[in-house]
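J.:
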Amino acid sequence: MDTKKRGLYEKIVNIVLDILIGVFGIILLVSIYNNIQIKVLGNDYSSFFGFSTFEVQTGSMADTINPGDWIVVKYSNDIKVDDIVTYKKNGEFITHRVVEAYGGTFVTRGDANSSKDDAIGKNQIIGKVVNILPGFGIIRKTFFNPFVLISLIITLYLFGYVLRTAKTEKTKK
23 MDTKKRGLYE KIVNIVLDIL IGVFGIILLV SIYNNIQIKV LGNDYSSFFG
73 FSTFEVQTGS MADTINPGDW IVVKYSNDIK VDDIVTYKKN GEFITHRVVE
123 AYGGTFVTRG DANSSKDDAI GKNQIIGKVV NILPGFGIIR KTFFNPFVLI
173 SLIITLYLFG YVLRTAKTEK TKK
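Quick note, our numbering runs 22 ahead of the 1-based positions in the sequence shown.
1) Excluding the 5 residues flanking residue 100 on each side, which residues of the same chain have their C-beta closer than 7 Å to its C-beta?
2) Starting from residue 58, follow the beta strand (DSSP E) in both directions and report where the run begins and ends.
3) Under three-state DSSP, which class holds residue 80?
4) Quick test of the definition: if touching needs 3 or more C-beta pairs under 8 Å, does the stretch 131–151 touch the stretch 106–120?
5) Within the continuous beta strand (DSSP E) that includes residue 97, where are the two ends?
6) Is the beta carbon of residue 87 closer than 8 Å to that of residue 78?
7) Hey, how far is the Cα of residue 69 from the Cα of residue 56?
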């Protein structure tokens, strides 16, 4: 392989490594921010610019949302029939579809459930589901662990360092 091609490949690898380090660094910062909101500040859930994320635990919304899926919930006052909302009731977060609305009161039901839930007030609603990330729960459990993220960042950094050092050594020879 000639020197020009090798140099181009090394630049591409270094750029990809820098991008991966940046992405994992941002994920680490968001993960730390979420942990501070929940564990230090004592919030029930974390909110990032009006958005919150939850992992679905049950199949009450199957096939629309399945256990292990992640949902992105946006705070909203504009709730209407057929919106999927996340609300807090008796200390639990529930994500169901609004089937009836009466002023500031809403009746919800899981898509896979045959019966309606008890009515909830507007003040119980966290927000509307704006995005569903299928199967993201396993990724969260793997990559959103701060120790895993730090290990990945250090490994990528060291890999890049070794490549740069090897290039410097070849240049000196």
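We put the beta carbon where it would ideally sit given N, CA and C, even for glycine.
T.: Taking the structure as given:
1) Here the question's residue 100 lines up with position 78 in the sequence shown. For residue 100, same chain residues with a beta-carbon under 7 Å away, outside a window of 5 residues either side, do not exist.
2) If you number the sequence shown from 1, residue 58 lands on position 36. Residue 58 -> no beta strand (DSSP E), and no H or E assigned at all.
3) Here residue 80 is taken as the residue at index 58 of the sequence shown, counted from 1. Correct three-state label for residue 80: coil.
4) Yes: the two stretches touch, three or more of their Cβ pairs being nearer than 8 Å.
5) Stepping through the sequence shown from its first residue, residue 97 is reached at position 75. For residue 97, no beta strand (DSSP E) run applies, since DSSP gives it neither H nor E.
6) Taking the first residue of the sequence shown as position 1, residue 78 is located at position 56. Taking the first residue of the sequence shown as position 1, residue 87 is located at position 65. Yes. Within cutoff.
7) Working through the sequence shown from its first residue, we reach residue 69 at position 47. Working through the sequence shown from its first residue, we reach residue 56 at position 34. The alpha-carbon atoms of residue 69 and residue 56 are separated by roughly 8 Å.
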